[in-house]
Every structure is written in structure tokens, then in C-alpha cells.
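The next block holds one structure in the form of C-alpha cells; read it before the comments.
Protein chains: 2
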Amino acid sequence: MPAVTPKILPAAASATNPSLMIGELLEAGVRMAGDNQIVYRDQRRHDYRQFQARVHQLAHALTLQGVKAGDVVAVLDWDSHRYLECFFAIPMIGAVLHTVNIRLAPEQILYTMAHAEDAFVIVHEDFVPLLEPLADELTQVRGYLLCQETPQPLETSLPLVGEFEHLLGQQPTHYDFPSFDENAVATLFYTTGTTGNPKGVFFTHRQLVLHTMAEASTFQAPGFELLNRDKVYMPITPMFHVHAWGVPYTATLLGATQVYPGRYEPDMLIKLLVSENVDFSHCVPTLLNMVVSADAIASQQVDLSGWKVLVGGSALTESLARKAWGLGIDTRSAYGMSETCPLLTAGILPGDVTQADIETQLPWRCKAGLPIPFVKLQVADTNGQALPHDGHSVGEVRVQAPWLTQAYYKEEARSAELWREGWLHTGDVGSIDEHGFLAISDRIKDVIKTGGEWLSSLELESYISQCPGIAEVAVIGVSDDKWGERPAALVVPTDLNHPPTSDAVKAFLAQFVEQGKLNRWAIPEVVRFVDEIPKTSVGKLDKKRIRSDI
Amino acid sequence: MPAVTPKILPAAASATNPSLMIGELLEAGVRMAGDNQIVYRDQRRHDYRQFQARVHQLAHALTLQGVKAGDVVAVLDWDSHRYLECFFAIPMIGAVLHTVNIRLAPEQILYTMAHAEDAFVIVHEDFVPLLEPLADELTQVRGYLLCQETPQPLETSLPLVGEFEHLLGQQPTHYDFPSFDENAVATLFYTTGTTGNPKGVFFTHRQLVLHTMAEASTFQAPGFELLNRDKVYMPITPMFHVHAWGVPYTATLLGATQVYPGRYEPDMLIKLLVSENVDFSHCVPTLLNMVVSADAIASQQVDLSGWKVLVGGSALTESLARKAWGLGIDTRSAYGMSETCPLLTAGILPGDVTQADIETQLPWRCKAGLPIPFVKLQVADTNGQALPHDGHSVGEVRVQAPWLTQAYYKEEARSAELWREGWLHTGDVGSIDEHGFLAISDRIKDVIKTGGEWLSSLELESYISQCPGIAEVAVIGVSDDKWGERPAALVVPTDLNHPPTSDAVKAFLAQFVEQGKLNRWAIPEVVRFVDEIPKTSVGKLDKKRIRSDI
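Those protein sequence lines, which keep their order, are chains A and B. Sequential numbering of the first sequence, starting at 0, is according to numbering that gives the first Met the number 0. Sequential numbering of the second sequence, starting at 0, is according to numbering that gives the first Met the number 0.
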């Protein structure tokens, strides 16, 4: 395609052309719903006007501590009103918010904080013991600000500069926020892969604003209607995990009531869902399963009907979606990853499907969904050729969008690997149907290459999970001299004392072979029964550790 | 405020950071609602997939005619599916869409087309007679493409290159659209002031995309719910007038069914409103008044209940809003101007007001409304100081937003005047209340300065309009040796043969003086009865001509 020369016209010397700044999202939310509430557990609530005043106060407090534009500020906290304030105040003064993944091993946390060059740390008292042994090596940190909720004085070797609430309370409620280049980095965090050190991804003001606008448009679509100023939102995805999918920014723009549950405890989550009449949450399937399996919910002592849950991180299964539906819970899927801010697709069903019965809808609800505005998405074959939208051609998912991390922080080789041929390679394998609907079938590294064919470990897991007596399953490929790889399954029985036999599982799978749904060579040789399947810090199957267990 | 140095990080060499391009809006709409319809009068309908294919065909047709990036392409058409296709295809090849105001006088149309340096013209057959005498002077035009709806051959001296439908039909349905600088100009059109030549305003891909995203977020707000894929949209604001408020772009993004009524004829408008079940339109008060006063509507033979109408251009009056409400029509206000793309504020009511009865709501529905996301809006005194949000401090409205024309095209002095001190000066006078709600009281040049006080001509018009026997009124200031200016009123009586007397009108106003609503010196000396009040090409009171009439 030849380069084009469109018309660019000069601006008046005195004209203003505003940058896209995160602060505008907050301004819009306060105008839309100044009286709406921000709630923290059963401990605190204040309205949007106070939320805004506290963001200004936090900016003053940070400035007073010497934090300036370009500095990286680490936050270690549970999901809270404070964290929401950090989402705004830190980028709005031109600093970078580093959302530390507090579920990583201490040595990984140390690695990420040193690699990010954190200059200042905001830390909840629960994580002080974690940081104390690391502080000596975090030589670039100039100060630690404590978030304390317990009344008694805290004894610590950390060089604290003060307490969050105390410091905020002393500050003026108006800060004159600067405007600057919209391509300035606003947020930074780390994602763990199967090999090597965690990788830093970063997002600019422009990227977060555009992601928020596209997410807002999607979340207000008919049938979805997840967020607006009449809705109550509570994340059950940690705020350190891809900005809780960016939803706190979107909820703020639209003026939704926001509930932050602190540390995730099933009783507190359920209490808040009920007492605050939460309309919308998002989480990984494991967490949704935990909630719907809780005694109070399963026995229907507690009514969660009307609750809408967007599920991502790993695939929503039809059985979980059906179980939720039985409780009146409306689930949909979303798809994205740390590198993509994260939202790429959402389960906005085709118009005719929304009219169908729930059993027709379930498969649609479990697919990744439709690309949201501005997302260009392909499935491509091993030569990088885009495959047709026919619902069965399977290839690697690759994307372009105005909010994808432009590199891994200080990792040139891995950045080049991520961004081959101008496309961000997700490492996921899937297909796109004629509606443009994406279905993910596997991680490319979890596809089992056996006898020259690709076998989806996810598909095999889905069949095995239907076998009576099986609670959870993970399938991986193990190397095999003859076939290249062969599938192997790790299985958790529902009754640990009376697991089904390995042969019973294989016999169960044989019916799918007879039905033509599965190839005979897809039946795993090895079926191993275990008490528990290893998970990553965000609740996904940890196939790296599973491989070492088999 | 000191300049700040935030962190800017390098991208991977192969990373893609997409520009904000108008074409993405169309892509998103087709994904969201491929089966939804685009309707043209009672003559034609096709779905979004065909709409997309036709945009690609139009791009091919234009390219074939030698139109290239940077060229300005003029369109003279009624509101149509063709115009919608031009909204996309012309900017998407990097050319500039010039939406010609066909209601201007021929010499003004000539001025704008020459000033814009139009290189190619798309013209509906109805406007061929208008262009024929101008063509000799439009020396830069390389070709004219005819839009013909009548079957008989057209005889014309215009050098036609072909017919729109015929040429489109011969083109392939896929065009490989380029990506380019998002600051490239996409649209250009002219606005007429009270003095001098029409002024050209222009908008870039970036500006239109951001305006669309903010409009989409606003139009989906609860209680507003104007547009989504389940809604049917029909503009009653011409597409040459500030891109029909940008709504065709927003409707396309969200996948709404779109109905284009062609030339505005009351019978056709009402027919389409009913047969297509139109949910949402926007127009000036004059047009809404024309519709609700039509015989079929007023007599309730035709039911328009459920129709939502956004009113702008000039102020919605409570009496018109009440009359519409009585017919089940839900009206709200919006505010903006040609220079602002246009949307700045919209009548999203405060939460408690939405619960109130209609009489409580009416004053809110007639105010300009709440700034939409990314709009910074002030009312400022004559020294440029922002006034408090107290609901009564009145000053000039000035704005900043990421979608304001950055200049008047090739007009340096007028551009500097528009953009004083980094703010776009709207020339409107108003106040902002504690909710952030804007109310416009007048044009700054229509404020009557009498005895050192400011008197709002709009306010006075509102009082006079309540006088029995009066159909329409316009108030202006006439110079006065003693007082500087004095108000004068031009009045159209409901019964031309039996107008009220001038003294009756003054006596009627005296009651508002007694009630403390009006100052005694606000009662006009001159009240003149006329058959008709001069209007501008877009239906607003033409105070320039009114002044010459008094």
C-alpha cells in the first residue's frame, strides 16, 4: 500500500489541544454522579466528591514526600478505596503506578521492585513483614508510606515516612494537576511466564483513556449493561492484576457505585454482594466457583440473582455457567492478558442468540467473544497468514489495538518476540466464526503435538471433567519417542478416598471417540490422581509445575 | 505550574501503535450489528455489511476518478445513505469531506467551495441547477459525480463523470484503506456569522473518534439511552450541519438502525417516524415544533409516544417540551456549535431530578446540560476570570476539549479571536450551577446593554411568548442616546388579522415586573407586529436581519 499524504492544517497559535489524561475520567465521574459512594468493606464509605478531594490530597502528600513526575511508586495493598485513589493520583502527578503482585514469591517481588526502580512505596500493614527482609536490597526506595487499619502502633524496621490516612488528612483538597504528553507512562506491572524472570508491561495515559472509553462503550451495550451510574460494582480480580481489568477506571468514568472488598475472604465477599446489592463483578472461574460453591449460596440461604459476572483469565466452562445461571447469576466471558491492558473481546452475544433459551446461549457465553472497538484481531497460521472466519480454522491469536504494551520493560529480545511482524502475539490458539466471535481453544505452548496433529489440552480437560467422580483436571503433553508428545492427565477426585480408576476414566472417554468427537489417540496413557492441582498466583492451572509433577 | 517530565519509554522496533482512524468506528458497528439496517426514505434499505461494502466501493470509485489523499471532496446531498457512506469513505482514503451547506445563498456556496479548494464534487440532481451557473468559477474542481434518483436522463452543462449508484456497482467490495496520522483533517465545513464571509472549521480523525466515543458514552447513560444496536435513529438535523452533530458516526459505532429521510418533508418525516419505529432523533426547536404541530400529530391520529428527541441549535422552551411530553415525546437539550464538533453538554439530569414529576423536570430539560467527558467548560467574566458554580453568576462560556476546531481555515485574525488565552470562546452567555449544569441565557452579542446593566434578550423573549395571541417573538437591542441600548420586540401574532396591541403586550409584561422577575426598564418601548421573523439557514432567529427590519 503506498504511503498517503493527508491534509494537516496548522492550529491557531493560542489554540489548546488537550492531551488524553487519566484525570479527565475522574472529572467526568464526579460530574455524572457526585453523590454516589465508594465503599471499603464494612469499614468506610464516602461519595465521589470526597473521592476526588482525597485524590487531590494524596497528590499533595506524595509531592510533600518528594515524589515527582517520572518516579515509580509501588503499591502493595488489598483492593481498597486507597488503591483506587492511587490509580488516579500517582499518574496524575506524572509519576508511574507500579501495582506490585503481592502473591508472587518474595524473591520475585524483590526482583520486580528493583527492576521497576521503585522510588517510593505505599504498603498495607499486612505486607510489612514481607518487605522488611527485602528493604536493604531496595536501595532506590526513598520512603515507605504505611496503610494501617489496626489501632495498635506497628513495630517495624521499615523506614516509614508516615501513615496514609494521617498524612492525607493534613493536605489541601485541591491540587493543580499538570497536563503533559499523553504518551507518558501511567502504570507498570509484572507478568510471570513459564520461564525466566517476570516481565514488566507498561501503559500510558493515552492507552488507559482509550481502553476505558472502549470498555465503557462495550459494558453499556444492550443485554450487557454492566456499568453506569445506577449500578454497583465490586471487583473480585485483584487491583494489582492488569488494573483489575481497567474496570475501576471505567466505573469511575461512568459514576458507578464502587465496592472494594479488601483481602478476599469468602464471607466478606458474600456479605458485601448482598448488603451493597452488587450488580457487577469480574473474576477468574476459580473464584466464581468458590463463591457459588459457598454453603450459604449453594443452599440458597443467600440470593445472588441479578448479579452479573464477567469471567476471564481462563475459560468459563458451560457447567460453571449453568450452575451460576441456576442461582440467577448472569455470566459472560471476556478475553485479554497483561500485555493488552487487558480487554480485547467481550461476550456480547449476537442479537438472535440473546433471544434463545439458556442452553443455546451457554456455548456463546463461554466463548471469548467479540472484539471491542479499535481491536484488530486475527488467528494466523504458522506462516503468519490470517485464517478465514469460519469457526473451525485454528491458529495463533494476534492483535493490534491502541492500548497494547509497546514492549516488555528493559527486555529487548522478549519485546521483539512479543511483537513479531507488527502484531502482538498472544500465545493463545483459537478460531473466529462468521459473526467475528473468538473462541480460545488453548495456549499455544499447551497444545499437544502428537503424531503430527494438534490436540487441544483444554478440549480434553473438558471431556475428562464430565467423568463421574472427578472434581478437577489438568492435561499436559509429555514427550514420547514415537509420537513426539502424548497427553497425560492429572486428576483430583471428588472423593479422595474413593477415586475412580484410571481405566474407568479412559473407558469414559471412549464414548466420545465412538461419537466422533475425539480421536482415539487423544485418550491419555497416563491418568494420575492427586489431592490438588498446582495453580499460579492468579488462580490459573500452573502447567509449568504440573509438568514437573507428572 | 512548573513543567513536568514524566516517563516516556521506547517501543519495540516492530510494535504497532494504531492511529485513531474513523474507519474503526465502522468496523466496530459491523461487528456489533451486521444485520441491522440503513434505510433511505421509503426507497431503499440494506444491512451494515452492505453499508461497509458500499463504503469500500465508494473509495474505489473516488480513487478511480483521481481523488487522492489531501484532496477536498464536496458533497451536496439531502440526508441519505450516500451521505453516510461519504462520511466514511472520503476521510478513510485520506481526503477531506466538505459538507456543503446547501441552504446558503448561491454566492455564499460559491465562496465556500472556492475557499475550500474543492477538487471533486458529489452532487444530488436537485442541486445541479444551483451548481451550473457556479461551475465556471470553480476552476479547481476536476469532476462532478451525480446522485440521480429520477429515471429520465439529466440534461446539464455540468461536466459529469458518472452516476453514483452506477459507478459504485462496478467496484470491488474490498478497499485496502491506509492508516496515517490521526491529526489529518477528515471534515471541513462553513459556519455563517453575523458579519463577513462564512468561516471554515475543520476536524481531524482523532477529534471525530474522540467526539464519537464521548458521545457514545453519554448517549448510553441511564435515563438517556438514546442509541445502541436495539435502537432506531433518524436525524432531523441536516448532515451538512456539523456532521448532523456527529451522531451518524456514533450510531454506526454502536450499530443502531439508521433511517435517512432525504429532503425534509413533514409527511415523509412522520411516515418514517411511524413505519420505522424511530426511537431517537435530534433537531432544532423549530423543526420539533413543526412535527408536533402537524395535523396528524396534534390530533393524535399518529402516535409518537416513546420517541426521544435531543434538541439543540437554540434553546428548547418549557412550553415546547411540555407540548411534546403531552404527546409522549421525551425531549432533552444538548449544547454545542459548529466550532466544537459539536457536542459539549447534554441534558443528563441529576439522579434525584429523574425521580421527580415532569413539571419539576421541565426546567432541567431546557437547560444546556452537563459537560460530557473530556470537556472543560467555564463561564468567565469580562476579565477572563472563571465565575463560581452558583447557578446565577453569568459570564461568557469558554471551553477546552480534544475535539474543538483548532482554527478557522485560512483566517488567522478570526482564529486568534476565537482562541483567546487558550480557550475557545463560544460567544454564548450563561451560568453553571452546583451540579455542574450549564444554562445558556443568550448570545453575547444579543445581550442588551442598557443603563450599565445586561439584559437577556432570550429571557425577555420567553416572557413575551407567554402573552396571549403571540405566536413568535424576537427581541434585539437598538441604540439609544440616553441608555446605550434599549430592547425592541418583533412579534408574530397567532391571528394575523387580529394582533394584540403593543400596549397589551407591555401591560402583560408589567405583571412580571410586579412579581420581581423583570426590571421595569426591561419592558421594550418598541413592539412591532410582523407576518414572519427572519431565520438563518439552519432555522435560528436571524438577529442581523431582524436588526435591519426594526
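Glycine included, every Cβ here is placed at the ideal spot set by N, Cα and C. What you are looking at is a predicted structure, and each value in this text was computed from that prediction instead of being measured.
Three or more Cβ pairs drawn from the stretch 65-80 of chain A and the stretch 253-266 of chain A lie within less than 8 Å of each other, which places the two stretches in contact. When Cβ pairs closer than 8 Å are counted between the two stretches, the stretch 45-59 of chain B is seen not to touch the stretch 272-281 of chain B, the count staying below three. Excluding its 5 nearest sequence neighbours in each direction, L157/B has C-beta neighbours in its own chain below 7 Å: V127, L130, E131, A134, Y143, listed in chain order.
The beta carbon of G383/A sits closer than 7 Å to those of E420, all from its chain and outside the five residues before and after it, given in chain order.
Membership of A314/A in any alpha helix (DSSP H) is not indicated, and neither H nor E is assigned to it by DSSP.
Counting only runs of at least 3 residues, the stretch 73-104 of chain A fully encloses the following beta strand (DSSP E) elements, listed from N- to C-terminal order: 95-98. Distance from the CA of S313/A to the CA of A220/B, rounded to the nearest whole angstrom, comes to 31 Å. Across the structure, T111/A and V99/A are spaced so that their CA atoms are roughly 8 Å apart. Under the three-pair Cβ rule at 8 Å, the stretch 387-403 of chain B does not count as touching the stretch 297-310 of chain B.
T138/B is the residue among L103/B, T138/B, R102/B, P105/B whose C-alpha sits nearest the C-alpha of A118/B. Per DSSP, Q56/A has no beta bridge partner at all. Here the C-alpha atom of V140/B lies approximately 21 Å from the C-alpha atom of I7/A. Across the structure, S456/A and K543/A are spaced so that their CA atoms are roughly 14 Å apart. Your pair R519/B and V512/B checks out as a contact, with CB atoms roughly 5 Å apart and the cut at 8 Å. At a C-beta separation below 9 Å, M233/B has no neighbours in chain A, since its nearest C-beta there lies roughly 19 Å away.
Contact annotation: Y248/A and T217/A have beta-carbon atoms that are not nearer than 7 Å. DSSP lists V310/B as the beta-bridge partner residues of S332/B. Bridge partners of R141/B according to DSSP: none are assigned. Residues of chain B with a Cβ closer than 7 Å to the Cβ of R30/A are, in chain order, L369, P370, G435. Beta-bridge partners assigned by DSSP to A379/A: A385/A, E395/A.
Here C365/A carries a helix assignment [DSSP, helix/strand/coil]. Listed in chain order, the beta strand (DSSP E) elements of length 3 or more contained wholly in the stretch 246-289 of chain A are 256-259, 279-282. For T359/B, the CB contacts under 8 Å within the same chain, skipping 5 residues up- and downstream, are V352 in chain order. Our two residues, P341/B and V378/B, have alpha carbons roughly 18 Å apart in a direct line. L403/B is the residue among G168/B, P9/B, K230/B, L403/B whose C-alpha sits nearest the C-alpha of V200/B. DSSP places E433/A in the coil class of the three-state scheme, outside both helix and strand. Excluding the 5 residues flanking it on each side, K375/B has same chain C-beta neighbours closer than 6 Å at Q399, in chain order. Of G538/B, Q151/B, P499/B, the smallest CA-CA separation from V491/B is found for P499/B. Every beta strand (DSSP E) stretch that sits fully inside the stretch 468-530 of chain A and reaches 3 residues is listed by chain position as 469-479, 483-492, 525-528.
The residue among M336/A, T339/A, R364/A, G325/A with its C-alpha nearest the C-alpha of L348/A is R364/A.
In terms of CA proximity to I296/B, I269/B leads the group P362/B, I269/B, S274/B, G311/B. Cβ-Cβ distances below 7 Å link A470/A to V491, P492, T493 in the same chain, with the five nearest sequence neighbours on each side left out; the list follows chain order. In this model, G33/A and S547/A are separated by some 53 Å (Cα to Cα). Annotation for P370/B: T344, L376 place their beta carbon closer than 6 Å to its own, counting only its chain and skipping 5 residues before and after. Of all C-beta pairs linking the stretch 162-182 of chain B to the stretch 170-182 of chain A, fewer than three are shorter than 8 Å, placing the two stretches out of contact. The three-state reading of DSSP puts E162/B in strand, counting E and B together.
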